[in-house]
Amino acid sequence: DAEDLDELVAEATAVIENPAMSAIFAPDTLAEVSVTAELNSERLHGVIDRLIVTPDKVIAVDFKSNATVPEQPDQCPEGVLRQMGAYAHALAQIYPDRQVETAIIWTRTATLMPLPHDLVSEALMRRLIP
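Numbering (my numbering), first residue to last: 73 to 202.
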């Protein structure tokens, strides 16, 4: 309904207009980037919301609209951590010569949360090794 639409537009606008997000929306960044990589004996497919590629690193950023925003990266839902771990795994194959970083933009609070590499990698491994 109109009330929900107004709230969603305000949330999206707050993210886009937040000066701390300017690098994520810079003209040389990529949006909705499809990735495919090997994960054990299977193919991994995903779409990264924003991708920043520099000569020395690659940063994958995903948007999350959760009603409850975690205060610390280790409080993120396991599924989010696994997803970002899968993106990091794929990007390491695609860009083997660059540092890979991941982060979440929480739309509810218009904040960017960098995720430690070990945290997302361990979450992915927990999914692979029952």
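Every residue, glycine too, gets a C-beta built ideally from N, C-alpha and C. Predicted model only: the values in this text are computed from it and were never measured.
As DSSP reads the structure, Ser-106 sits in a beta bridge with Val-119.
At the C-beta level, Leu-123 and Val-105 come within 8 angstroms of one another. With contacts defined by Cβ atoms closer than 8 angstroms, Glu-173 and Lys-129 form a contacting pair. Straight-line measurement puts the Cα of Leu-187 at about 33 angstroms from the Cα of Glu-75. Apart from the 5 residues on each side of it in sequence, Arg-180 sits with its Cβ closer than 7 angstroms to the Cβ of Glu-83, Ser-137, Asn-138, Ala-139 and Val-141 in its chain, given in chain order.
Around the beta carbon of Met-197, fewer than 16 other beta carbons sit within 10 angstroms, so the residue counts as exposed. Looking only at Asp-100, Ile-201, Asp-169 and Gln-147, the smallest Cα-Cα distance to Met-185 is reached by Gln-147.
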